[in-house]
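In the numbering used here, the protein residues as written are 7 to 193.
Data block below; observations after.
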């Protein structure tokens, strides 16, 4: 039990951002976190043209509120492009896992927070490997995108089985996926 007045120890947070609305959603989630979630390590796809600017803007505002705000930015190869064939997706995802593992090893995050971009799959698999190798146990929190009302995204279908906490934002998904946690709409 924590005593009042004591600060929580720092918690290394790895955030996987994605193109489209994924980065906006994940930054909304992050805006609710206290300053103890630091440093924040952001990973996004090398072909993602917009996430870096959004993250830098978010972190600049956060630095105005918290004096010890720390973050890093890293890019990895995209595991799957839109409309890419399933066969070639296997190859590019394996490449992305091989690229992600040394980065995840270097960062050794306490917690991974992701919300659906395909980029999160190789990062989470890398973190799972760190746990299997007894290097670092990382808690994986997956928040399915608010856009997913009736079915999970492909990333969600994969990480449903491997995440420590799997959060959905619609009751219909909670009914279909009993391991999930429904907290209402959180972004």
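C-beta: ideal position from N, C-alpha, C; glycine also.
Here the structure is a predicted model, which is why all the values come from computation and not from measurement.
N- and C-terminal bounds of the alpha helix (DSSP H) containing residue 93: Here the alpha helix (DSSP H) through residue 93 covers 92-113.
Cα-Cα separation between residue 44 and residue 95, rounded to whole angstroms: C-alpha separation (whole angstroms): 33 Å.
Status (buried if at least 16 other CB within 10 Å, exposed otherwise) for residue 148: Result: buried.
Spatial distance of residue 185 from residue 18 (CA atoms): Their backbone Cα atoms lie some 26 Å apart in a straight line.
Proximal residues to residue 123 (C-beta, below 6 Å), its chain only, five neighbours per side dropped: Here the set comprises 24, 28.
Segment contact, 8 Å Cβ cut-off, at least three pairs: the stretch 42-58 with the stretch 136-154: In short, these stretches do not touch, since the Cβ pair count stays below three.
Whole-angstrom distance between residue 93 and residue 99, CA atom to CA atom: Approximately 10 Å, taken between the alpha carbons.
For residue 193, three-class secondary structure by DSSP: In this structure, residue 193 counts as coil in the three-state DSSP scheme.
Cβ-Cβ separation, residue 175 to residue 164 (assumed contact under 8 Å), whole Å: About 18 Å separates the Cβ atoms of residue 164 and residue 175, ruling out a contact at the 8 Å cut-off.
Own chain residues within Cβ distance below 6 Å of residue 121, not counting five before or after: Sequence-distant Cβ neighbours of residue 121 in its own chain, meaning closer than 6 Å and more than five residues away, are 28, 31, 32, 149, 151.
Distance between residue 153 and residue 50 (C-alpha atoms, nearest Å): Per the coordinates, the alpha-carbon of residue 50 lies some 20 Å from the alpha-carbon of residue 153.
For residue 60, the nearest candidate out of 170, 37, 134, 158 (CA to CA): With distances taken between Cα atoms, residue 60 lies closest to 37.
Delimiting residues of the beta strand (DSSP E) encompassing residue 77: Run containing residue 77: 77-82, per the beta strand (DSSP E) assignment.
Beta-carbon gap between residue 126 and residue 161 smaller than 8 Å: The answer is yes: Cβ separation under 8 Å.
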